[in-house]
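Visitor: Residue numbers (the working numbering), protein chains in the order written: chain A, 128 to 308; chain B, 21 to 471.
#1: Quick one: which chain B residues come within Cβ less than 8 Å of residue 182 of chain A?
#2: Against residue 250 of chain A, what residues of chain B qualify as contacts under a CB-to-CB distance less than 7 Å, listed in chain order?
#3: May I ask you to report which of helix, strand or coil DSSP gives residue 461 of chain B?
#4: Taking any Cβ of chain B, which residues in the segment 152-175 of chain A have a Cβ under 8 Å from it, in chain order?
#5: I need the straight-line Cα distance from residue 363 of chain B to residue 381 of chain B, nearest angstrom please.
#6: Nearest to residue 211 of chain A by CA position, among A:283, A:296, A:267, is which residue?
#7: Kindly confirm or deny that the segment 340-357 of chain B and the segment 380-397 of chain B touch, where touching means at least three C-beta pairs closer than 8 Å.
#8: How long is the line joining the alpha carbons of residue 249 of chain B and residue 430 of chain B, rounded to whole angstroms?
#9: For a contact meaning CB atoms closer than 8 Å, what does residue 361 of chain B contact in chain A?
#10: Determine the chain B residues that contact residue 234 of chain A at a beta-carbon separation under 8 Å, and present them in chain order.
#11: Can you give me the Cβ contacts of residue 414 of chain B inside the same chain, cut-off strictly under 7 Å, excluding the 5 residues immediately before and after it?
#12: Looking at chain B, which residues of the segment 274-285 of chain A have a Cβ within less than 7 Å of any of its Cβ atoms?
#13: Using alpha carbons as the reference points, say which of A:291, A:172, A:174 lies closest to residue 237 of chain A.
#14: For residue 235 of chain B and residue 223 of chain B, which I take to be in contact (beta-carbon distance under 8 Å), what is that distance rounded to the nearest angstrom?
#15: Compare the C-beta of residue 296 of chain A with all C-beta atoms of chain B and state if any pair is closer than 8 Å.
#16: Closest Cβ-Cβ distance between residue 211 of chain A and chain B: below 8 Å?
#17: Suppose you measure from the CA of residue 208 of chain A to the CA of residue 175 of chain A; what does that come to, to the nearest Å?
#18: Look at the alpha carbon of residue 303 of chain A and the alpha carbon of residue 279 of chain A, and state the distance between them as a whole number of angstroms.
#19: Going by the CB atoms, is the gap between residue 313 of chain B and residue 117 of chain B shorter than 8 Å?
#20: For a test of the three-state rule: what should DSSP assign to residue 174 of chain A, helix, strand or coil?
#21: Quick check on residue 280 of chain B - is its C-beta less than 8 Å from some C-beta in chain A?
#22: Provide the residue span of the alpha helix (DSSP H) that contains residue 362 of chain B, from first to last.
#23: Sort out for me which residues DSSP pairs residue 184 of chain A with in a bridge.
#24: Shortest alpha-carbon distance to residue 230 of chain B belongs to which of A:231, A:143, A:281, A:165?
#25: Which residues of the segment 377-410 of chain B have a Cβ closer than 7 Å to any Cβ of chain A? Give them in chain order.
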């Protein structure tokens with residue numbers, strides 16, 4: 128077939144201003160981080176954390192918005208976002224369980240804690256419960272080796288876990304009102 | 021009994037750390053004051069050099085020597101860089117290590133004071149505390165301490181009426197073990213993936229944003245106020261050995277009372293394990309131990325009388341590392357322990373160089389096979405070969421050689437265990453075999469949330 132540029136239909140390019148996806152407070156927090164760095168993109172990791180703190184996770188739209196705000200390519204920011212363990216690029220539940228599976232917790236039996244959570248919630252690593260309350264992840268050493276086994280949920284460290292007390296912790300959290308309602 | 025001097029931990033309060041005023045009334049900021057008012061940067065540098073302080077992050081490099089490579093400029097020098105940086109490495113992620121967390125949560129002003137002294141010495145005008153993301157409480161307390169320090173002119177412009185100005189910020193990491201490597205940490209601070217950089221140039225010449233940068237471990241820095249206040253000879257006399265000062269040692273695993281203790285550098289493993297950690301927990305026997313975190317070689321009960329200092333531990337074939345003992349008991353399988361360690365290194369490898377990116381998961385695969393009872397005779401040769409492929413000089417940074425250390429030493433000390441697993445087609449320790457199998461399946465399917 129002849130290929131004629133003049134007769135081709137025009138390509139419709141839609142430009143989206145992704146910056147509108149960010150809130151005023153998110154932008155001001157990110158700009159503060161920018162102000163203490165020599166380059167804008169240096170604030171990328173903090174920016175991802177700021178947005179994640181507000182929204183629970185980093186969606187594609189959020190990622191594009193941050194990249195636009197920091198004048199950097201989205202692919203580069205995606206590379207950064209997927210490199211780090213604590214940036215969630217998929218939707219997570221209200222409570223994200225980070226169970227330590229490093230050596231001190233291995234020696235003191237984190238496997239039993241895993242089993243207890245797994246049985247109680249019916250999810251394994253990388254999964255979220257149907258009611259979107261809990262997401263279950265493993266975590267490298269949490270620095271609580273003298274009180275192993277340990278886990279973090281939100282900003283709270285839980286130490287000296289047993290298959291029994293971990294269920295009590297989960298039940299307590301499950302009965303809390305959802306923060307985002 | 022001689023009273024042990026514990027400069028690093030004497031003002032630690034985990035419940036409620038000292039406020040700036042309380043810290044000052046306990047003698048805090050006297051070191052910083054002395055450095056700023058009585059000493060030139062060169063004098064502090066010489067003092068720290070004379071004290072024999074070595075890096076407490078694992079490598080044990082002399083701190084004074086590290087600092088001495090930073091280029092210094094006259095005030096009116098046009099070639100002087102706009103910024104020189106000091107970074108506290110608070111990215112404590114070495115499995116079995118929790119000493120820095122104790123210092124950060126319990127005495128945040130000690131680190132702030134230490135960073136003022138270090139920054140003054142190398143003439144850095146900007147500093148960051150690179151804090152691991154999981155240490156939320158430490159982050160909160162550090163920020164509080166920094167705010168107080170700004171209010172009372174211990175940070176900011178013309179500190180305490182001198183010509184020295186220094187700004188300090190907390191950067192929270194988003195979590196990756198490799199960020200503890202100083203050049204990877206610098207990349208992370210620049211907002212990049214934390215791949216280590218090639219050296220040279222060394223960070224002291226071209227580090228953060230291409231400017232002169234020094235990265236020091238938290239525990240290393242926290243020694244500075246005391247060295248400046250009390251002198252180099254005092255610091256040397258804290259230890260009976262050739263290495264100066266005290267060290268925060270720790271013990272975890274199946275010991276009676278796991279924890280950490282500040283003791284003279286060169287305290288023996290036996291003293292730490294039996295006097296301070298109370299020996300093994302009831303029903304458990306000592307099988308071996310890693311002396312300084314996950315990336316050090318195993319030692320055996322026969323090494324118990326070795327002093328925990330850099331040279332002595334090196335002489336018996338391991339490394340002091342972070343000084344955190346990880347104790348292997350007789351009810352835990354050595355193969356499973358090495359598998360757990362290797363899985364950690366495989367997950368945390370940055371993926372930049374082939375020996376590490378491919379070698380660590382390969383070792384995990386082979387070790388998993390052996391642990392699950394489907395290992396083959398030739399697997400041991402594969403593991404020996406991997407130890408060679410991933411050794412120093414063949415990789416981009418020290419992560420893979422660090423992963424080799426426990427593996428290589430386990431193959432040597434627990435070779436009969438590896439062979440029994442293969443010969444018997446099972447692991448004789450596994451009371452919870454089913455749990456482990458389901459975990460292995462889970463991790464091979466991958467937790468995909470972080471992409």
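Even for Gly, the Cβ is constructed at its ideal location relative to N, Cα and C.
Guide: In brief:
#1: Mapped onto the first chain, residue 182 of chain A falls at position 55. Ordered by position in chain B, no residue passes the 8 Å Cβ test against residue 182 of chain A, which lies about 15 Å from the chain.
#2: What you label residue 250 of chain A is simply residue 123 of the first chain in a count that begins at 1. Result: empty, since nearest Cβ-Cβ is about 10 Å, beyond 7 Å.
#3: Along the second chain, read from residue 1 onward, the residue named residue 461 of chain B stands at position 441. Confidence in residue 461 of chain B is poor, its pLDDT being 45 and thus under 50, which makes the residue's placement unreliable; the coordinate value appears in the next sentence. It is helical.
#4: Sequence-ordered contacts of the segment 152-175 of chain A with chain B read 163, 164, 165, 166, 168, 169, 170, 171, 172, 173, 175 [C-beta pairs closer than 8 Å].
#5: Looking up residue 363 of chain B in the second chain gives position 343. Looking up residue 381 of chain B in the second chain gives position 361. So the alpha carbons of these two residues sit roughly 7 Å apart.
#6: Indexing the first chain from 1 puts residue 211 of chain A at position 84. The shortest C-alpha separation from residue 211 of chain A is found at A:267.
#7: Yes, they touch.
#8: Your numbering for residue 249 of chain B matches position 229 in the second chain. Your numbering for residue 430 of chain B matches position 410 in the second chain. So the alpha carbons of these two residues sit roughly 44 Å apart.
#9: By one-based count along the second chain, residue 361 of chain B stands at place 341. Correct list: 230.
#10: Counting from 1 along the first chain, the entry for residue 234 of chain A is found at position 107. The contacting residues are 272, 273, 274, 346, 347, 348, 349, 352, 357.
#11: Against the second chain, residue 414 of chain B aligns to sequence position 394. For residue 414 of chain B, the CB contacts under 7 Å within the same chain, skipping 5 residues up- and downstream, are 375 in chain order.
#12: Within the segment 274-285 of chain A, the residues whose Cβ lies closer than 7 Å to some Cβ of chain B are 275, 279, 282, listed in chain order.
#13: Residue mapping note: residue 237 of chain A aligns to position 110 of the first chain, counting from 1. Comparing Cα positions, the closest option is A:291.
#14: What you label residue 235 of chain B is simply residue 215 of the second chain in a count that begins at 1. What you label residue 223 of chain B is simply residue 203 of the second chain in a count that begins at 1. About 6 Å; that satisfies the 8 Å criterion.
#15: Here residue 296 of chain A corresponds to residue number 169 of the first chain, with the count starting at 1. In terms of beta-carbon proximity, residue 296 of chain A stays away from the interface with chain B, with every pair separated by 8 Å or more.
#16: Counted from its first residue, the first chain places residue 211 of chain A at position 84. For residue 211 of chain A, the answer is yes, since a Cβ of chain B falls inside 8 Å of its Cβ.
#17: Along the first chain, one-based indexing puts residue 208 of chain A at 81. Along the first chain, one-based indexing puts residue 175 of chain A at 48. Using only the alpha carbons, I get a separation of about 7 Å.
#18: Numbered from its first residue, the first chain carries residue 303 of chain A at position 176. Numbered from its first residue, the first chain carries residue 279 of chain A at position 152. Computed Cα separation, rounded: 17 Å.
#19: Taking the second chain and counting its residues from 1, the one referred to as residue 117 of chain B is at position 97. Taking the second chain and counting its residues from 1, the one referred to as residue 313 of chain B is at position 293. It is a contact, given that the beta carbons lie within the stated cut-off.
#20: To locate residue 174 of chain A, count along the first chain from 1; it is residue 47. When DSSP states are grouped into helix, strand and coil, residue 174 of chain A belongs to the helix group.
#21: In the second chain, counting from the first residue as 1, residue 280 of chain B sits at position 260. At least one chain A Cβ lies under 8 Å of residue 280 of chain B.
#22: Within the second chain, residue 362 of chain B is the residue found at index 342, counting from 1. Element bounds for residue 362 of chain B: 354-368.
#23: As a first step, residue 184 of chain A must be located in the first chain, where it is residue number 57. Answer by DSSP bridge pairing: none, since residue 184 of chain A is not bridged.
#24: Position 210 of the second chain, counting from 1, holds the residue named residue 230 of chain B. Per the Cα distances, A:165.
#25: Taking 7 Å as the upper bound on Cβ-Cβ separation, chain A lies near no residue of the segment 377-410 of chain B.
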